[in-house]
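Trainee:
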Amino acid sequence: MAVGKHKLLFRQSALALVLLLTAYDASAKELKVYISADMEGVAGVVTRDQLGPQGFEYDEFRRFMTAEVNAAIDAARAAGATKIVVSDSHGNGLNLLLDALPQDIELVRSWPRPLGMMEGLDASFDAAIFIGYHASAGNAGGILAHTVSGRDFSSIKINGTEMTEGGMNALIAGHFGVPVVMISGDDAAVREVSGLLGSIEGAVVKWHYSHTSGRTLLPGAAQALIREKVQAGLRRRQEMKPFRIDGPLQLNLTYKSSKAAEVIAYLPNVELIDAYTIRFVGNIVEVTMFIEMAVGYPPTMNE
401 MAVGKHKLLF RQSALALVLL LTAYDASAKE LKVYISADME GVAGVVTRDQ
451 LGPQGFEYDE FRRFMTAEVN AAIDAARAAG ATKIVVSDSH GNGLNLLLDA
501 LPQDIELVRS WPRPLGMMEG LDASFDAAIF IGYHASAGNA GGILAHTVSG
551 RDFSSIKING TEMTEGGMNA LIAGHFGVPV VMISGDDAAV REVSGLLGSI
601 EGAVVKWHYS HTSGRTLLPG AAQALIREKV QAGLRRRQEM KPFRIDGPLQ
651 LNLTYKSSKA AEVIAYLPNV ELIDAYTIRF VGNIVEVTMF IEMAVGYPPT
701 MNE
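Per our numbering, the very first residue in the sequence shown carries number 401; after that it's consecutive.
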């Protein structure tokens with residue numbers, strides 16, 4: 401009788417171990433990928449005629465933007481991705497064509513959102529990818545270069561360093577322990593972000609001639625390059641470290657309007673540095689939420 405009980409206990413223990421190992425194996429195979437997509441860095445984009453509903457080429461370039469995102473999705477799946485979240489992070493946040501995307505991904509759309517271009521990201525993700533990114537406002541070598549809002553801001557610095565959207569978004573990813581493994585865009589955008597993050601994969605899809613002109617790959621070639629670089633980035637993700645800056649971050653935000661800077665400095669935790677520049681201190685999540693608020697408050701202040 402005792403032997404029978406021991407056999408039953410052994411079988412139950414063995415079964416529990418098999419179930420535990422199966423669950424562990426399934427979780428070990430999960431690969432969550434976050435894709436943040438902008439439009440200024442999409443192949444062929446050189447002027448505002450491609451960027452918004454009033455532009456004569458906007459409808460066509462919505463398709464090209466969606467195709468570049470789909471190239472990244474295809475490559476992520478080929479690399480083993482089991483869940484993909486995409487953030488539509490350009491303009492009104494309503495650019496990607498829903499019926500042209502895979503129907504089993506999740507999509508972040510429209511504004512406002514606390515984490516801006518990285519909304520929906522958390523510590524459960526394994527890697528982040530930037531598609532269609534552009535250079536910073538302070539970079540004279542970038543096509544359509546700006547930071548967050550070309551209408552509102554002439555400069556955004558963190559701890560004295562001019563920041564690109566890619567750098568700030570990489571800091572958000574780093575806050576959650578997520579490495580950025582790949583970026584696509586023009587040569588200046590890829591160079592800027594690679595300079596901050598180190599050896600990530602970069603897909604240069606066009607080259608700067610001026611703020612509104614450049615030499616570009618055609619859509620099919622750009623999409624092929626994006627697939628190649630996304631797969632390479634995800635293969636190397638264990639080599640890539642999350643991007644972090646220790647301690648509180650000092651944000652210097654320079655407006656194009658002195659009135660906007662003056663009024664937002666009425667907030668008790670905001671300091672007016674000069675007629676156009678305010679300072680805010682916090683972690684990257686707080687800084688991002690502050691910038692989102694600064695962009696969103698009444699546009700009459702920016703007149």
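We put the beta carbon where it would ideally sit given N, CA and C, even for glycine.
Please read all numbers here as calculations on a predicted model, not as lab measurements.
Over the uninterrupted beta strand (DSSP E) stretch that includes Tyr533, give me the two end residues.
Mentor: Counting along the chain, the beta strand (DSSP E) containing Tyr533 begins and ends at 527-533.
Trainee: Whose CA, out of Leu494, Ile505, Gln503, Ala537, lies closest to the CA of Met517?
Mentor: If we check each option's Cα against that of Met517, Leu494 comes out closest.
Trainee: Is Glu460 helix, strand or coil by DSSP?
Mentor: Three-state DSSP puts Glu460 in a helix.
Trainee: Among the residues of its own chain, which have a CB less than 6 Å from the CB of Gly480, if the five just before and after it don't count?
Mentor: Counting only Cβ-Cβ distances below 6 Å, and skipping sequence neighbours, we find Leu431.
Trainee: Quickly, what does DSSP pair Ala437 with across the bridge? List them, please.
Mentor: Asp488, Ile531, per the DSSP bridge assignment.
Trainee: In angstroms, rounded to a whole number, what distance separates the CA positions of Ile435 and Ser487?
Mentor: Distance between the alpha carbons of Ile435 and Ser487 is about 6 Å.
Trainee: Mapping DSSP to helix, strand and coil, what is Tyr424?
Mentor: Any reading at Tyr424 needs caution, since the residue's pLDDT is 45, under 50, leaving its predicted position unreliable; the model's value is listed next. In this structure, Tyr424 counts as helix in the three-state DSSP scheme.
Trainee: Tell me which residue opens and which closes the beta strand (DSSP E) that Lys606 is part of.
Mentor: Start and end: 601-610.
Trainee: When the Cα atoms are used, what is the spatial distance from Gly441 to Ala535?
Mentor: The alpha-carbon atoms of Gly441 and Ala535 are separated by roughly 9 Å.
Trainee: Can you find at least 3 beta carbon pairs, one from the region 609-621 and one from the region 558-577, that sit closer than 8 Å?
Mentor: Counting Cβ pairs under 8 Å, fewer than three are found: no touch.
Trainee: Let's see if you can read the secondary structure: which residues bound the alpha helix (DSSP H) around Val687?
Mentor: First-last of the alpha helix (DSSP H) with Val687: 684-696.
Trainee: Please classify Phe532 as buried or exposed, where buried requires at least 16 neighbouring CB atoms within 10 angstroms.
Mentor: According to the sequence as given, residue 532 is Gly; it is not Phe. By the 10 Å Cβ count, Gly532 comes out buried.
Trainee: Suppose you measure from the CA of Thr677 to the CA of Leu649; what does that come to, to the nearest Å?
Mentor: Cα-Cα distance, rounded: 16 Å.
Trainee: Across the region 565-584 and the region 637-657, are there enough close Cβ pairs to call them in contact, namely three or more that are closer than 8 Å?
Mentor: These segments touch.
Trainee: Just the C-alpha distance for Gly560 and Asn652, rounded to the nearest angstrom, thanks.
Mentor: Near 8 Å, if we compare the C-alpha coordinates of Asn652 and Gly560.
Trainee: In three-state terms, what does DSSP make of Leu625?
Mentor: Correct three-state label for Leu625: helix.
Trainee: Could you give the uninterrupted runs of the alpha helix (DSSP H) lying entirely in the region 527-582, keeping only those of 4 residues or more?
Mentor: If we require 4 residues or more, the alpha helix (DSSP H) runs fully inside the region 527-582 come out as 565-575.
Trainee: For Ala570 versus Leu596, is the C-beta spacing smaller than 9 Å?
Mentor: Yes, the Cβ-Cβ distance between Ala570 and Leu596 is below 9 Å.
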